[in-house]
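Visitor: Below are the structure tokens for one structure; questions will follow.
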Amino acid sequence: GPGLSPGALEDTLGETAGVAEPAAVTVVIPTFDEAANIPELLRRLTDAVPKRLPCEVVFVDDSLDDTPAVIAESAKDCPFPVTVIHRDTPDGGLGGAVVEGMKAAGSGWIVVMDADLQHPPSLIPELVATGEEESADLVVASRYLPGGSRAGLAGGYRVAVSRGATWLAKGLFPRTLRGISDPMSGFFAIRRSAVAAEALEPLGYKILLELAVRCRPEEAAEVPFVFQDRFAGESKSTAREGLRFLQHLVALRTASPFARMAAFGLIGLTGFVPNLLALHALVTAGLHYLPAEIIANQAGVLWNFVLIELLLFRDRRHHRHWADRVGRFALLANADLGLRIPLIALLVGHFQLAVLPATTLALLTTFVLRFAGTEAL
Ligand code: GDD
Ligand code: MN
Numbered sequence: 011g012p013g014l015s016p017g018a019l020e021d022t023l024g025e026t027a028g029v030a031e032p033a034a035v036t037v038v039i040p041t042f043d044e045a046a047n048i049p050e051l052l053r054r055l056t057d058a059v060p061k062r063l064p065c066e067v068v069f070v071d072d073s074l075d076d077t078p079a080v081i082a083e084s085a086k087d088c089p090f091p092v093t094v095i096h097r098d099t100p101d102g103g104l105g106g107a108v109v110e111g112m113k114a115a116g117s118g119w120i121v122v123m124d125a126d127l128q129h130p131p132s133l134i135p136e137l138v139a140t141g142e143e144e145s146a147d148l149v150v151a152s153r154y155l156p157g158g159s160r161a162g163l164a165g166g167y168r169v170a171v172s173r174g175a176t177w178l179a180k181g182l183f184p185r186t187l188r189g190i191s192d193p194m195s196g197f198f199a200i201r202r203s204a205v206a207a208e209a210l211e212p213l214g215y216k217i218l219l220e221l222a223v224r225c226r227p228e229e230a231a232e233v234p235f236v237f238q239d240r241f242a243g244e245s246k247s248t249a250r251e252g253l254r255f256l257q258h259l260v261a262l263r264t265a266s267p268f269a270r271m272a273a274f275g276l277i278g279l280t281g282f283v284p285n286l287l288a289l290h291a292l293v294t295a296g297l298h299y300l301p302a303e304i305i306a307n308q309a310g311v312l313w314n315f316v317l318i319e320l321l322l323f324r325d326r327r328h329h330r331h332w333a334d335r336v337g338r339f340a341l342l343a344n345a346d347l348g349l350r351i352p353l354i355a356l357l358v359g360h361f362q363l364a365v366l367p368a369t370t371l372a373l374l375t376t377f378v379l380r381f382a383g384t385e386a387l
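The opening residue of the sequence shown carries number 11 in the UniProt record's numbering; numbering runs sequentially from there.
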């Protein structure tokens with residue numbers, strides 16, 4: 011548990027002095043323009059790793075600055091081997107880089123950490139020792155355990171986003187993430203034997219979530235840690251990374267065809283909102299409700315198209331020109347207007363329903379019919 015000394019780790023791992031020993035720990039560090047952090051990082055890593063703990067460090071670099079050269083220079087003072095894998099195509103972003111490093115790892119334990127010293131290297135021995143002691147495949151450094159904190163998460167906005175992301179992930183994967191208080195952590199140790207690299211499809215920052223969901227490591231343990239301030243530079247996360255996180259969540263949750271269909275339906279349901287809003291606006295503006303229905307439907311169609319393209323058919327996006335895809339999608343999505351328009355006319359004209367409730371009822375009817383139709387296929 012917490013508080014294990016490096017000495018305890020050496021006991022578990024045995025007396026393994028000497029250069030010929032295979033490394034017991036591979037520290038994988040993704041870097042994107044972190045030159046200013048590298049010398050201090052390697053200094054603290056050198057201090058942190060006990061002399062007899064065989065260790066290697068693998069940087070996976072997508073930098074545009076001189077990070078690789080700085081690593082090579084600073085590594086000269088390190089007592090352990092340091093390698094740099096520089097990627098020319100940064101596939102998968104941070105997560106893709108980490109998987110690349112895991113494939114190159116030569117030890118039983120892999121520790122993943124950031125290069126900006128927000129993750130204290132001094133915790134590495136404890137992460138591995140905890141895994142050995144508790145026979146866990148995964149040990150997460152958590153900000154949410156007593157003794158941990160997210161001091162380095164600058165601003166209430168980032169704290170709120172981080173909270174929301176954790177809540178969302180835990181809600182979507184309640185069983186897998188049971189026992190992991192901080193699935194968004196970028197600092198953890200995992201046994202190499204628990205990593206099925208070929209099953210991974212990393213997408214952006216949340217590599218721990220990817221590993222937990224797709225590799226299902228047996229037994230997870232946690233160790234508290236204080237998320238420090240960045241040593242130098244700024245976070246590389248952008249608004250695009252937020253969208254990527256949502257795409258990642260959907261990809262993880264819709265691995266089966268059934269789940270994809272359910273997601274398709276859910277997105278379809280959300281399309282009711284823009285549809286009804288547009289209808290309300292058009293009717294209020296004085297348009298007759300039947301042409302308004304047809305125009306308003308396009309708001310829902312567009313909404314659904316964008317969400318489905320961004321979240322569900324991400325990988326198919328490049329197959330056809332987008333105008334062609336919108337056309338096909340719109341054709342299919344307007345097909346049920348042929349049933350809905352007469353139904354709405356009947357509900358409004360004969361049953362004296364107001365336009366909005368009538369449209370809602372008709373939308374639900376065609377939705378259920380379409381679902382039943384797909385089920386019967
Ligand atoms: N190779 C590579 N490619 N490395 C990257 C990339 C990339 O596209 N993007 C970021 N990195 C590296 C950075 O250079 C840094 O070493 C590490 O990944 C973390 O990047 P930051 O930009 O500093 O992340 P952060 O501080 O905003 O987020 C960290 O904390 C979050 C929890 O609040 C990360 O650890 C997240 O994974 C974590 O969820
Ligand atoms: Mn950081």
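Positions of the beta carbon are idealized from the N, C-alpha and C atoms, including for glycine.
A quick note: this is a predicted structure, and the numbers were derived from the prediction, not measured.
Taking the runs of the alpha helix (DSSP H) that are 4 residues or longer, which of them lie wholly in the stretch 98 to 162?
Guide: Whole alpha helix (DSSP H) segments, 4+ residues: 103 to 114 and 134 to 143.
Visitor: Over what stretch of residues does the beta strand (DSSP E) that includes residue 66 continue unbroken?
Guide: 65 to 71 is the extent of the beta strand (DSSP E) around residue 66.
Visitor: Closer than 7 Å: is that where the CB of residue 40 sits relative to any heavy atom of the ligand GDD?
Guide: Correct: residue 40 has its Cβ closer than 7 Å to the ligand GDD.
Visitor: So does residue 239 have its beta carbon nearer than 7 Å to some heavy atom of the ligand MN?
Guide: No - the ligand MN has no heavy atom lying nearer than 7 Å to the Cβ of residue 239.
Visitor: Can you round the beta-carbon distance between residue 120 and residue 199 to whole angstroms, since I take them to be within the 8 Å contact cut?
Guide: Confirmed, about 7 Å.
Visitor: Skipping 5 residues on each side, what residues in its chain have a beta carbon closer than 8 Å to that of residue 321?
Guide: The answer, listed in chain order, is 256, 257, 260, 273 and 277.
Visitor: Rounded to the nearest angstrom, what separates residue 73 and residue 242 at their Cα positions?
Guide: Spanning the two alpha carbons is a distance of roughly 15 Å.
Visitor: Quick check on the burial criterion: 16 or more other C-beta atoms within 10 angstroms. Buried or exposed for residue 248?
Guide: Flag for residue 248 reads exposed.
Visitor: So what does DSSP say about residue 230, is it helix, strand or coil?
Guide: DSSP places residue 230 in strand when its eight states are reduced to three.
Visitor: Measuring only between beta-carbons, confirm whether residue 44 sits less than 8 Å from chain D.
Guide: Checking the listed chains, one finds no chain D in this structure; it contains a single protein chain.
Visitor: Report yes if the C-beta distance between residue 35 and residue 117 is below 8 Å; otherwise report no.
Guide: A contact, by the Cβ cut-off of 8 Å.
Visitor: With DSSP run on the structure shown, which of helix, strand or coil describes residue 42?
Guide: Residue 42 falls in the coil class under three-state DSSP.
Visitor: Can you give me the Cβ contacts of residue 373 inside the same chain, cut-off strictly under 6 Å, excluding the 5 residues immediately before and after it?
Guide: Hits under 6 Å: 282.
Visitor: Helix, strand or coil for residue 235 per DSSP?
Guide: In this structure, residue 235 counts as coil in the three-state DSSP scheme.
Visitor: Check for me: the alpha helix (DSSP H) holding residue 94 runs from which residue to which?
Guide: From DSSP, residue 94 is part of no alpha helix (DSSP H) but of the beta strand (DSSP E) over 92 to 96.
Visitor: Mapping the DSSP letters down to three states, classify residue 288 as helix, strand or coil.
Guide: Helix.
Visitor: Tell me whether the beta-carbon of residue 307 lies closer than 8 Å to the beta-carbon of residue 347.
Guide: Yes, they are a contact pair.
Visitor: What do you get for residue 338, buried or exposed, if any count of 16 or more other CB atoms within 10 angstroms of its CB means buried?
Guide: It counts as exposed.
Visitor: Mind checking residue 177: buried by the 16 CB within 10 Å criterion, or exposed?
Guide: Classification for residue 177: exposed.
Visitor: Report yes or no: do the stretch 208 to 221 and the stretch 134 to 144 share at least 3 C-beta pairs separated by less than 8 Å?
Guide: No contact exists between the stretch 208 to 221 and the stretch 134 to 144.
Visitor: Less than 7 Å between C-beta atoms, sequence neighbours within five positions excluded: which residues of the same chain meet that for residue 207?
Guide: Correct list, in chain order: 109, 112 and 113.
Visitor: Going by the beta-carbon positions, is the gap between residue 388 and residue 183 smaller than 8 Å?
Guide: No information on residue 388 is available, as it lies outside the stretch 11 to 387 that the chain covers here.
Visitor: Determine the direct distance from the alpha carbon of residue 185 to that of residue 226, and round the result to whole angstroms.
Guide: Looking at the two C-alpha atoms, the distance is approximately 10 Å.
Visitor: Assess, as a yes-or-no matter, whether the stretch 141 to 159 is touched by the stretch 186 to 197 under the definition of 3 or more beta carbon pairs within less than 8 Å.
Guide: Judged by Cβ distances under 8 Å, the stretch 186 to 197 makes contact with the stretch 141 to 159, as three or more pairs qualify.
Visitor: Using 10 angstroms around the beta-carbon of residue 220, count the other beta-carbons present and answer buried if the total reaches 16, otherwise exposed.
Guide: Burial call: buried.
Visitor: If you count every other CB in all the chains shown that lies within 10 Å of the CB of residue 83, and 16 or more means buried, which is it?
Guide: Flag for residue 83 reads exposed.
Visitor: Alpha carbon to alpha carbon, how far is residue 65 from residue 253? Give it in angstroms, no decimals.
Guide: Near 36 Å, if we compare the C-alpha coordinates of residue 65 and residue 253.
Visitor: Would you identify the three-state DSSP class for residue 201, choosing helix, strand or coil?
Guide: Residue 201: strand per DSSP, three-state reduction.
Visitor: Residue 310 to residue 168, Cα distance in whole Å?
Guide: Taking the straight line from one Cα to the other gives about 32 Å.
Visitor: Taking buried to mean at least 16 other C-beta atoms within 10 Å of its own C-beta, is residue 369 buried or exposed?
Guide: The residue is buried, with at least 16 neighbouring Cβ atoms inside 10 Å.
Visitor: Taking 7 Å as the cut-off, is the beta-carbon of residue 70 closer than that to any non-hydrogen atom of the ligand GDD?
Guide: Yes, the beta carbon of residue 70 sits closer than 7 Å to at least one heavy atom of the ligand GDD.
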